[in-house]
Structure formats: structure tokens, C-alpha cells
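Under the working numbering, the letters of the sequence shown match residues 972 to 1319, in that order. Using N, Cα and C, we set each Cβ at its ideal position, and we do this for glycine too. These numbers were taken from a predicted model, which means no experiment stands behind them. All remarks here apply to the structure that follows.
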Amino acid sequence: MDQQFIQRKEDHLQYSLSPESQTSLHSRWEHLDLIHDSLPDLDLADVSIHSAFLDYQIETPFFVPGMTAGHENATLINDRIAGMASERGWLMGVGSQRRELDSEYQDYALQKIASRFPKLKLISNLGLSQLIELHQQGEFAKLQALVENTGAAMIAIHLNPLQEAVQAEGTPNFRGGYEALKAWCDISPIPVIVKETGSGMSEATLQKLKNLNLFAVDVSGMGGTHWGRVEGLRAKKESASSRYGKTFGNWGISTVDSLRFAAKVFEGTQTEVWASGGMRTGLDAAKAIALGAKRVGFAQPVLAAALTSKVALSEWALQTEQELKIAMFCTNSANLSALNLQKLKGHW
Ligand SMILES: Cc1cc2nc3c(=O)[nH]c(=O)nc-3n(C[C@H](O)[C@H](O)[C@H](O)COP(=O)(O)O)c2cc1C
């Protein structure tokens, strides 16, 4: 594997853990409150966070959004995340599988996760610019083979125009993206999700995606890890990328706004709305669910806990689930469908 690739993945890991890469000041969760009910007609133990997923019920409405693979630490991190996700009923996204499209990397450890954790539901991952390339070169068969080898239940195509534009070695080539997505959706062997990577989605973008009959859209909005910032931080000081990272450090649409748009655009359709981007607690998750999210993803906090230890990750996940349950208990919501807009107040 080339050194530049490994270094980039290690940099992403390091800088996404830095407070400077986070846009928490732009997360709008503090503008929303769930309405406290002092007289809930249930016990905390009655609260169920089970969620429907494809044809079955799983234990939580949570997922781990795709995070980078392809470097030394990745196997250990992915192993810990897979263990937690499989044990606790979380879906697990893998990081971009761009490298593994080449047969030389097909035997990569990531692809064996599915066989080691048979209960685990994995989500494959590829960037839109790579999907466009495959489409133009008539090479979708490579991606079909990859998702089959991964044993994934679904595939997420990620949209990251800002990151590609700020990154010195990025591939900001998105022309033909909609056509590539449409063509892939027509032949994909597994359901397709489109996700952002922390800059959110506008109503106009969501309207375009609506025509694709996707399984889900993960709005991944601003409020957490910001990829303009990460690329700016990892660039050489005084370089163009470093400057772009600062100029565009607050570029994007908050998860709250993106969710609001998505709930409206996808109302009455089969496409699920998922929320990630700055989700940090089970209370954030409760607010996102009340706003219409079917599933909630935590990237950076999972990474931070997984890097600490397997036990730290498991405890963090348990506490996050419990926070969601407490929010549901105190709003008299026995299950996820009872946690809806009527339980929210504030400005959104
Ligand atoms: C270290 C790291 C690597 C990431 N790599 C990918 C990736 O390969 N593909 C992808 O779709 N998103 C990737 N993401 C973006 C996340 O899936 C998520 O959309 C974003 O980080 C916002 O969530 P957060 O605020 O909880 O971190 C990565 C995030 C992190 C922290």
C-alpha cells in the first residue's frame, strides 16, 4: 500500500480527534428541547429502543457511520467496533473501500469482519467520485464483487465535495454523479444509502435524491467532525489547503436543518431518513428521532472510545443507549414511534 495513502488515513484519524476539527458550536441541538413529562405512564424498564431494520427488529436505532480503514490501526479499531455493534445491535458502516476495488487489496481484513461476527449488519462504503469513475468505465462489476466479498447488508455512497476540494490530493470530480447513482441503484445487489460526511444536505439536494428510491439518506450534517477543517489541519502550514480549511471551516448545513428538510422531502416515501454529524449523546439522538430520524449515527465518539479500549467502547455505547431511554422515559415515550415532533419544543 502506498505511503501517501496510509499517511492520509492516519492523519484523518488523528485530526478528527482534535477539538479544532469539530463544529460543535454550530450544532443546533441546544435550540431544541424535549418536553419534560413529570407523570410518565411507564417504568424506565418498559422503554423499548428496538427498531425495525429490513425484515427484522434490532436492539437499537443506532449505527456507526463509515470510518476510514486502510492503515495499521484500522484492524484493531474495526474489530472493537464490530464486536460492540454485533453485541449491542448497532449497524456498522465501514470506511471507504476505494482501495479494495483493486483485486490486489481484496483480501483485506475488513472483508473478513462479516464472517467473524455473523450477527453484524455491515454497510459497505464508497465515495461518489469513485462511483462516477466506475460508471464511466463500465466497471460496476468490480463494486458488485466487492459488496459480495464484504458480506454487507447495504452500501453507502458518500458525498464529500468540500473535502475533495480542500484536500490537496482530492478528486473533486462530481460531474455525472446523479447518473452514476441512478445507474448503480438500478443494479445494486443490496439496498443503497447516500450519506454526507458532516456538511449536511439542502432541500434541493434531497429533492434530487428523492427520485432514486434509496433505502436511506444519512444527512450527516454540520455540528461535529468537519472535513474542510480536517483537511486544512493536516495540510502544511501556509499551504493553499490550510487556507481553504480555515476559509471553509464553518461550511455546511446543520444536522438539525438537514433533518428538517429531509423529513419534509421524504414524508410518505419508503426512503428512511438517518441522522449523523455531531451526534454526541443519547439525548441528541432522542431529539433527532423526534425530528424524524429513523436511525442515528455516531462517528467520532465511537472512534475515540474504540481507541481507548474495548471496554470503554462498550460502556460508552451502553450509556448512550441509556441516555436515549431516559429521554424517552421523561417524555412518556414507550417506544421510538412515540418520540415524535409533539415531544419537541424550540426553534427549528
Ligand atoms: C476518522 C474518520 C474517517 C471517516 N471516513 C469516512 C469514510 O471513509 N467514508 C464516509 O462515508 N465517511 C467517513 N467519515 C465521516 C463520518 O461517517 C461522518 O459522516 C462524519 O464524521 C460526521 O459524524 P461525526 O460528527 O459523528 O464524526 C469518517 C469520519 C471519521 C471521524
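- Shortest gap from the CB of T994 to any heavy atom of ligand 1: 6 Å or more.
- Straight-line measurement puts the Cα of D973 at about 42 Å from the Cα of G1263.
- For F1033, the enclosing beta strand (DSSP E) has its first and last residue at F1033 to V1035.
- Put simply, of K1235, K1281 and G1268 the residue whose alpha carbon is nearest the alpha carbon of R1251 is G1268.
- DSSP places F1024 within a strand segment (E or B) once states are collapsed to three.
- From the listed residues S1022, G1141, S1057 and A1234, the smallest Cα separation to E1202 is found for G1141.
- Contact annotation: H1106 and K1166 have beta-carbon atoms that are not nearer than 7 Å.
- Set against 6 Å, the gap from the CB of G1109 to the closest heavy atom of ligand 1 is not smaller.
- In the three-state reduction of the DSSP assignment, K1316 falls in the strand class, which pools E and B.
- For M1038, the CB falls within less than 6 Å of some heavy atom of ligand 1.
- Two segments are said to touch when three or more pairs of C-beta atoms, one from each, lie closer than 8 Å; by this definition the segment 980 to 998 does not touch the segment 1284 to 1299.
- Comparing alpha carbon positions, the residue from I1161, G1195 and G1199 closest to K1217 is G1199.
- About 6 Å separates the Cβ atoms of G1098 and R1069, confirming a contact at the 8 Å cut-off.
- Shown here, E1167 sits in coil according to DSSP, grouped into three states, outside any helix or strand.
- For E1202, the uninterrupted alpha helix (DSSP H) segment begins and ends at W1198 to R1205.
- With fewer than 16 other CB atoms across the displayed protein chains lying within 10 angstroms of its CB, T1279 is exposed.
- Taking the Cβ of F1269 as the reference point, at least one heavy atom of ligand 1 falls within a distance shorter than 6 Å.
- In this structure, the beta-carbon distance from C1301 to H1007 falls below 7 Å.
- Residue pairing from DSSP places R1266 in a beta bridge opposite W1245.
- In this structure, ligand 1 has a non-hydrogen atom nearer than 6 Å to the beta-carbon of T1196.
- Ligand 1 has a heavy atom closer than 6 Å to the beta-carbon of G1066.
- Taking non-hydrogen atoms of ligand 1 into account, the C-beta of L984 is found less than 6 Å away from one of them.
- Under the 10 Å beta carbon count, Q978 is surrounded by fewer than 16 other beta carbons and is classified as exposed.
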